[in-house]
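A quick write-up on the structure given underneath.
Number of protein chains: 2
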Amino acid sequence: MGRARPVPPTAYAILGLLSMTDELSGYDLRRWARALRFFYVSPAQSQIYSELRRLAALGWVAQRDVAQEARPAKRLYRTTEDGQAALRGWLEGSPVEPPALKHALLLRIFFGHLARPERLQALIDDYITAARMVLAELEQVRAELGDDPRWRFPAAVAEWGLRYYAAETEAAAAIRPCVAEAASRE
Amino acid sequence: MGRARPVPPTAYAILGLLSMTDELSGYDLRRWARALRFFYVSPAQSQIYSELRRLAALGWVAQRDVAQEARPAKRLYRTTEDGQAALRGWLEGSPVEPPALKHALLLRIFFGHLARPERLQALIDDYITAARMVLAELEQVRAELGDDPRWRFPAAVAEWGLRYYAAETEAAAAIRPCVAEAASRE
DNA sequence: GCCAGCATGTAAGGAGTTACATGATTAT
DNA sequence: ATAATCATGTAACTCCTTACATGCTGGC
Chain A
960 MGRARPVPPT
970 AYAILGLLSM
980 TDELSGYDLR
990 RWARALRFFY
1000 VSPAQSQIYS
1010 ELRRLAALGW
1020 VAQRDVAQEA
1030 RPAKRLYRTT
1040 EDGQAALRGW
1050 LEGSPVEPPA
1060 LKHALLLRIF
1070 FGHLARPERL
1080 QALIDDYITA
1090 ARMVLAELEQ
1100 VRAELGDDPR
1110 WRFPAAVAEW
1120 GLRYYAAETE
1130 AAAAIRPCVA
1140 EAASRE
Chain B
960 MGRARPVPPT
970 AYAILGLLSM
980 TDELSGYDLR
990 RWARALRFFY
1000 VSPAQSQIYS
1010 ELRRLAALGW
1020 VAQRDVAQEA
1030 RPAKRLYRTT
1040 EDGQAALRGW
1050 LEGSPVEPPA
1060 LKHALLLRIF
1070 FGHLARPERL
1080 QALIDDYITA
1090 ARMVLAELEQ
1100 VRAELGDDPR
1110 WRFPAAVAEW
1120 GLRYYAAETE
1130 AAAAIRPCVA
1140 EAASRE
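Each protein sequence line maps, in turn, to chains A and B. So the first sequence is numbered by the numbering used here: it starts at 960 and just counts up by one. So the second sequence is numbered by the numbering used here: it starts at 960 and just counts up by one.
Here is the structure:
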């Protein structure tokens, strides 16, 4: 019973989403997976389907085909006992990867010596605007989750996210003058 | 003169590092690239070499082989005029990708209903410890950069990083009790 | 004797993406 | 008319990673 090669986090993410619901199609999952976008790259549609096939092959999800009138047929998935056990094992036993961040704005600021300062400031301003929009979204998400114990953990993550994006706007605003200083020099 | 397919950000990152220095080998770059690790996944050694070959093929860097006694031969790279122009074009003209985050801890907390609360708390504690270590590193980096105008932009990024990781420790500490609350329920 | 450092490179493969294909229904 | 929604799936490709290969020098 050799443990096969490790399953990627995205597969666990999909399995986890299924574990919080009853039965979902790949199409449904695409919407659910958007909930991850604040803290985890939400997978492409094609990947959702391929991960579902992987999970089915592992016996971690069960599938059921449902015909519909006037709509394409659905394939509904739900977690199996093995799937729940796999998720629990992942949560309890596997090492947590360090967060992977690719911050394209910071990459550009890092090489800011080659840009016009006004351009950098504009990029920072755009970023603050975008972060504020995420904040607004997250506030709504947080409100929708309420204090329903069923969504306690997503709610905790949303609260983290609120702090996260608030800190981003503050950090962006804080370094904006440094870039301005560079502007007044050249 | 059809614009070929876009060059990945990592290539610009390497080009940018070369633009801040005189001449570097792939081996040297591996160390320099570590500076990116706080805000951008720092590339694997093999990728550094392959990106350098790509940049050389584009004419954005020039290479020069240097024989050494008692050491393997070096291949030193420096940016060309075209390379500088490409970097400037990237900074000024190309759209900034939204930050991509893969926060494995938050993914696990999101699915926390399947974990023992003590486990989640331990994960959070580990994360806080790790974030504090990053903070210590960043403080040192920031101190080393000083107020040398040459490193103004890296310094600004380091300051962003200090806020970022401080916010992470705070967010982690803030949601820890929510997880604890779950513990007292079950 | 052994490991770290210097220095480059190949091979294999996994994770993830975009774009395409199909086709009916409903709303604008 | 046209777009969005429902619903799944394939093809091609890129990015990036790990592991391996090579080999000399210097310090402990």
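Even for Gly, the Cβ is constructed at its ideal location relative to N, Cα and C.
Query - Cβ-based contacts, 9 Å cut-off: residues of the segment 1020-1052 of chain A near chain B - result: For the segment 1020-1052 of chain A, the beta-carbon criterion of a distance under 9 Å to any beta-carbon of chain B is satisfied by GLN1043, LEU1046, ARG1047, TRP1049, LEU1050, GLU1051.
Query raised in the report: Between which two residues does the alpha helix (DSSP H) harbouring A/THR1088 extend?
Result: 1076-1104
Query raised in the report: Thinking C-alpha only, which one of B/LEU995, B/PHE1112, B/LYS1033 is nearest B/LEU1096?
Result: The amino acid occupying residue 1096 of chain B in the given sequence is Glu; Leu does not appear at that position. For B/GLU1096, the nearest C-alpha among the options comes from B/LEU995.
Requested in this report: Evaluate A/SER978 with the Cβ neighbour count: other Cβ atoms within 10 Å of its Cβ, from every protein chain shown; 16 or more gives buried, anything less gives exposed.
Outcome: buried
Query raised in the report: Counting pairs of beta carbons, one from the segment 1075-1094 of chain B and one from the segment 1041-1060 of chain A, are three or more of them closer than 8 Å?
Result: Taking 8 Å as the limit for Cβ pairs, the verdict is that the segment 1041-1060 of chain A does touch the segment 1075-1094 of chain B.
Query raised in the report: Comparing the C-beta of A/LEU988 with each C-beta of chain B, is any distance below 9 Å?
Result: no
Requested in this report: Note the first and the last residue of the continuous alpha helix (DSSP H) segment covering B/ALA972.
Outcome: 968-978
Report task. Might you give, ordered along the chain, the residues of its own chain that have their beta carbon closer than 6 Å to the beta carbon of B/ILE973, omitting 5 neighbours on each side? Result -> GLU1010
Query raised in the report: Using DSSP with H/G/I as helix, E/B as strand and the rest coil, what is A/ALA1132?
Result: Helix at A/ALA1132.
Query raised in the report: How far does the beta strand (DSSP E) with A/ALA1021 in it reach, from first residue to last?
Result: Where A/ALA1021 is concerned, the enclosing beta strand (DSSP E) stretches over 1020-1025.
Query - Close beta carbons around A/ALA1131, own chain, < 6 Å, minus the five adjacent residues each side - result: ILE1083, TYR1086, ILE1087
Query raised in the report: Taking all protein chains shown into account, do 16 or more other C-beta atoms lie within 10 angstroms of the C-beta of B/PRO968, making it buried, or fewer, making it exposed?
Result: buried
Query raised in the report: Could you give the distance in angstroms between the alpha-carbon of B/TYR1123 and the alpha-carbon of A/GLN1027?
Result: 49 Å
Query raised in the report: Is there at least one Cβ from chain A nearer than 9 Å to B/LEU1094's Cβ?
Result: False, the Cβ-Cβ gap to chain A never drops below 9 Å.
Requested in this report: Please go through the same chain and pick out, in chain order, the residues whose beta-carbon is closer than 8 Å to the beta-carbon of A/ILE1134, but skip the five residues on each side of it.
Outcome: Only residues of its own chain outside the window of five on either side were considered, and among them ILE1068, ILE1083 have a CB closer than 8 Å to the CB of A/ILE1134, listed in chain order.
Query raised in the report: Quick one: what does DSSP say B/ALA1015 is sitting in, helix, strand or coil?
Result: helix
Query - Nearest-angstrom Cα separation, counted from B/GLY1042 out to A/LYS1061 - result: 23 Å
Query raised in the report: A/GLY961 CB to nearest chain B CB: under 9 Å?
Result: Summary for A/GLY961: the model assigns pLDDT 43, below 50, so the residue's position carries little reliability, and this model does not support an answer.
Query raised in the report: What residues from chain B crowd round A/GLY975, counting only those whose CB sits closer than 8 Å?
Result: LEU1066, PHE1069, PHE1070, LEU1073
Report task. Mind checking which residues open and close the alpha helix (DSSP H) that includes A/LEU1046? Result -> 1040-1052
Report task. Within its chain, find whatever has a CB closer than 7 Å to the CB of A/ARG1091; leave out the 5 residues flanking it on each side and keep chain order. Result -> THR1128
Requested in this report: Tell me whether A/ARG1067 sits in a helix, a strand or coil according to DSSP, three-state version.
Outcome: helix
Report task. Could you tell me the boundaries of the alpha helix (DSSP H) in which B/ALA992 lies? Result -> 985-992
Query raised in the report: Is it true that the CB of B/ALA1115 sits closer than 9 Å to the CB of B/PHE997?
Result: no
Query raised in the report: How would you label A/GLY1071, buried or exposed, when you count the other beta carbons within 10 angstroms and need 16 or more for buried?
Result: buried
Query raised in the report: Quick one: what's got a C-beta closer than 6 Å to B/GLY1105's C-beta in the same chain, skipping five residues either side?
Result: If you ignore the 5 residues before and after B/GLY1105, its C-beta comes within less than 6 Å of no other C-beta in its own chain.
Query raised in the report: Do you know how far the Cα of B/ASP1107 is from the Cα of A/VAL966?
Result: 46 Å
Query raised in the report: Name the chain B residues whose beta carbon is nearer than 7 Å to that of A/PRO1113?
Result: PHE1069
Query raised in the report: Got a sec: is the Cβ-Cβ distance from B/ARG993 to anything in chain A below 9 Å?
Result: no
Requested in this report: Establish whether the CB of B/SER978 and some CB of chain A are separated by less than 9 Å.
Outcome: yes
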